[in-house]
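The opening residue of the sequence shown carries number 250 in our numbering; numbering runs sequentially from there. Idealized CB from N, CA, C, for every residue including glycine. Remember, predicted model here, so these are calculated numbers, not experimental data.
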Amino acid sequence: EKGQFYAGAVAQKLVGYEAPFVRAAAIEALGNMEEHGAAFAEVVGEYLEDPLPSVRAAAVLAVSKMGSEAEGFLGSIKALKDDPSPEVKKAADEAISSLGI
């Protein structure tokens, strides 16, 4: 299926690039693909602990859009409400609100 192929290509970019803006953009794209991107939830979830706030924020918002796959990350999402970065805290609050938890 075309959507799954595209999601796989985006996931390859995520794993293959060190530039933070590329990681954040790939993570955001996977989140916006919802069910197609959800196949890569574990990959995206690893970036919840990225050293850069922009990448952590993108990851928390992305996993929150991945349907049932988000359930495996609820603890991490809740913990990010206490992140030192205001950007990450805001993203965690948005994710929690969208997930209804």
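When the beta-carbon positions are compared, P333 and V304 stay at least 8 Å from each other. Secondary structure of L348 (DSSP, three-state): helix. If you draw a straight line from the Cα of I326 to the Cα of A341, it is about 6 Å long.
In the three-state reduction of the DSSP assignment, E295 falls in the helix class.
In this structure, E267 and A290 do not form a Cβ contact; the two beta carbons are roughly 22 Å apart against a cut-off of 8 Å. Take A344, set aside five residues on each side of it, and the residues of its chain with a beta-carbon closer than 7 Å to its own are V309, L310, S313 and I326, in chain order. Between F322 and L297, the beta carbon gap of about 7 Å places them in contact (Cβ cut-off 8 Å).
Between A273 and A307, the C-beta gap is smaller than 8 Å, which places the two residues in contact.
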